[in-house]
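Trainee: This is the structure I want to talk about, given as structure tokens.
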Amino acid sequence: MTSIPGPASHSFVSQRLRMHYVDWGNPDAPPLILQHGGRDHCRSWDWVAQALRKDWHVICPDLRGHGDSAWSPDAHYTSFSFVSDMAQLVQTLGYDQVTICAHSLGGNIATLFTGLYPDKVRRLANIEGLGVSPLHSRERDAKPYPDRIRQWIAERHAAAGRLPRRYARIEDAIDRMRAANPQLTEEQVRHLTIHGVNRNEDGSYVWKFDPYLNVWPVANFPQEEIHGLWGAITCPVQFFYGGQSFAVDPRIDGRITHFRDADVHFYPDAGHWLHHDQFDRFVTDLRAFLA
Numbered sequence: 001m002t003s004i005p006g007p008a009s010h011s012f013v014s015q016r017l018r019m020h021y022v023d024w025g026n027p028d029a030p031p032l033i034l035q036h037g038g039r040d041h042c043r044s045w046d047w048v049a050q051a052l053r054k055d056w057h058v059i060c061p062d063l064r065g066h067g068d069s070a071w072s073p074d075a076h077y078t079s080f081s082f083v084s085d086m087a088q089l090v091q092t093l094g095y096d097q098v099t100i101c102a103h104s105l106g107g108n109i110a111t112l113f114t115g116l117y118p119d120k121v122r123r124l125a126n127i128e129g130l131g132v133s134p135l136h137s138r139e140r141d142a143k144p145y146p147d148r149i150r151q152w153i154a155e156r157h158a159a160a161g162r163l164p165r166r167y168a169r170i171e172d173a174i175d176r177m178r179a180a181n182p183q184l185t186e187e188q189v190r191h192l193t194i195h196g197v198n199r200n201e202d203g204s205y206v207w208k209f210d211p212y213l214n215v216w217p218v219a220n221f222p223q224e225e226i227h228g229l230w231g232a233i234t235c236p237v238q239f240f241y242g243g244q245s246f247a248v249d250p251r252i253d254g255r256i257t258h259f260r261d262a263d264v265h266f267y268p269d270a271g272h273w274l275h276h277d278q279f280d281r282f283v284t285d286l287r288a289f290l291a
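For the sequence shown, position 152 (counting from the first letter as 1) is numbered 152 according to full-length UniProt numbering, and the numbering increases by one without interruption.
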């Protein structure tokens with residue numbers, strides 16, 4: 001992978017928050033939104049965007065609380081707010097229809113958006129973005145609702161008392177990124193870190209994402225309604241799953257049966273960030289699906 005010329009930064013307003021996205025140019029080409037996942041940022045798509053920019057008008061947004069988008073003032077990050085932000089972005093861009101490729105949390109958001117507005121999405125590529133498998137969620141869902149609310153409140157109180165971790169040198173943040181993601185190349189580690197931190201007045205560095213993102217909200221779309229939205233999607237859906245990831249292939253737990261037109265590309269040697277781990281194969285498969 002070689003050095004990549006940077007895209008142009010833009011902003012829009014959603015629910016009173018200033019939201020950020022980058023635009024890779026080529027506005028006469030069909031629009032392709034690349035949506036990052038949790039505690040990530042829009043520049044993690046740079047390699048994919050570079051590969052596709054000649055054929056697509058590539059737009060990469062930062063989710064609220066991530067990258068260079070504003071943090072939610074009440075520190076409350078629900079699927080409702082994320083989906084509303086995506087709807088606002090599509091409206092702001094002014095396209096009648098878009099194509100979306102999204103990862104993890106971004107995949108959840110994009111899939112809900114597509115179910116709510118099926119006429120707005122031409123094709124949806126989803127990288128491990130269906131949330132927790134029912135195989136893993138039974139223990140969580142078995143807790144009485146008041147207990148879940150109390151746990152959520154306790155976690156928010158704990159988050160309020162924690163200060164964001166500061167790194168004295170950019171190299172220290174790079175070391176942390178490398179340790180957390182050993183499958184990344186050295187170039188990927190450095191690029192993702194440089195675009196993922198802010199520098200403080202004292203010269204130290206902190207991650208850009210809101211620490212409250214570690215506290216998952218209790219109130220979200222009910223699961224039965226999520227299944228209904230999945231079934232409302234009319235465009236083709238291509239899933240991508242890695243064999244070394246914590247995410248469960250939706251063919252195994254039956255979630256794929258809720259979709260009308262969906263398939264899975266499985267990558268035995270890839271983890272959760274398979275678009276980094278298996279870049280060449282992923283781009284080839286994505287191109288074939290988007291064509």
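From the three backbone atoms N, C-alpha and C, an ideal C-beta is built for every residue, glycine too. Keep in mind it's a predicted model, so treat the numbers as computed, not measured.
I need the DSSP call for residue 240, collapsed to helix, strand or coil.
Mentor: strand
Trainee: Hey, residue 232 and residue 118: beta-carbon distance below 8 angstroms or not?
Mentor: If you check the CB distance, residue 232 and residue 118 come in under 8 angstroms.
Trainee: Less than 8 angstroms separating the beta-carbons of residue 20 and residue 85?
Mentor: With contacts defined as CB atoms closer than 8 angstroms, residue 20 and residue 85 fail to qualify as a contacting pair.
Trainee: Just the C-alpha distance for residue 27 and residue 57, rounded to the nearest angstrom, thanks.
Mentor: 5 angstroms
Trainee: Can you find the residues in the same chain that come closer than 6 angstroms, C-beta to C-beta, to residue 226, ignoring five residues on each side of it along the sequence?
Mentor: none
Trainee: Beta-carbon within less than 6 angstroms of residue 265's beta-carbon, same chain only, minus the 5 sequence neighbours each way: which residues are those?
Mentor: 240 and 285
Trainee: Just verifying my parser: in three-state terms, what is the DSSP assignment at residue 233?
Mentor: coil
Trainee: Sort out for me which residues DSSP pairs residue 199 with in a bridge.
Mentor: 205
Trainee: From residue 228 to residue 114, what does the alpha carbon distance come to, in whole angstroms?
Mentor: 12 angstroms
Trainee: Do you know whose CA, among 24, 69 and 151, lies nearest residue 54's CA?
Mentor: 24
Trainee: When you compare the segment 186-193 with the segment 39-53, are there three or more beta-carbon pairs, one atom per stretch, that lie closer than 8 angstroms?
Mentor: Per the Cβ contact rule, the segment 186-193 is in contact with the segment 39-53 (3 or more Cβ pairs under 8 angstroms).
Trainee: Just how far apart, CA to CA, sit residue 169 and residue 11?
Mentor: One C-alpha to the other measures close to 29 angstroms.
Trainee: So what does DSSP say about residue 8, is it helix, strand or coil?
Mentor: strand
Trainee: Could you spell out where the alpha helix (DSSP H) holding residue 145 opens and where it closes?
Mentor: Segment 145-160, the alpha helix (DSSP H) holding residue 145.
Trainee: If you follow the alpha helix (DSSP H) that residue 263 is in, where does it begin and where does it stop?
Mentor: First-last for residue 263: 262-267, but that is the beta strand (DSSP E), not the alpha helix (DSSP H).
Trainee: What residue does the alpha helix (DSSP H) around residue 250 start on, and which one ends it?
Mentor: Run containing residue 250: 250-253, per the alpha helix (DSSP H) assignment.
Trainee: Please determine if the segment 165-180 and the segment 270-283 are in contact, where contact requires at least 3 C-beta pairs separated by less than 8 angstroms.
Mentor: The segment 165-180 vs the segment 270-283: no contact.
Trainee: State whether the segment 241-248 contacts the segment 203-222, with contact taken as three or more CB pairs (one from each stretch) at a distance under 8 angstroms.
Mentor: no
Trainee: Does residue 15 pass the burial test, meaning 16 or more other C-beta atoms within 10 Å, or should it be called exposed?
Mentor: Exposed is the call here.
Trainee: Which full runs of the beta strand (DSSP E) of 3+ residues lie inside the segment 68-121, going along the chain?
Mentor: 98-103
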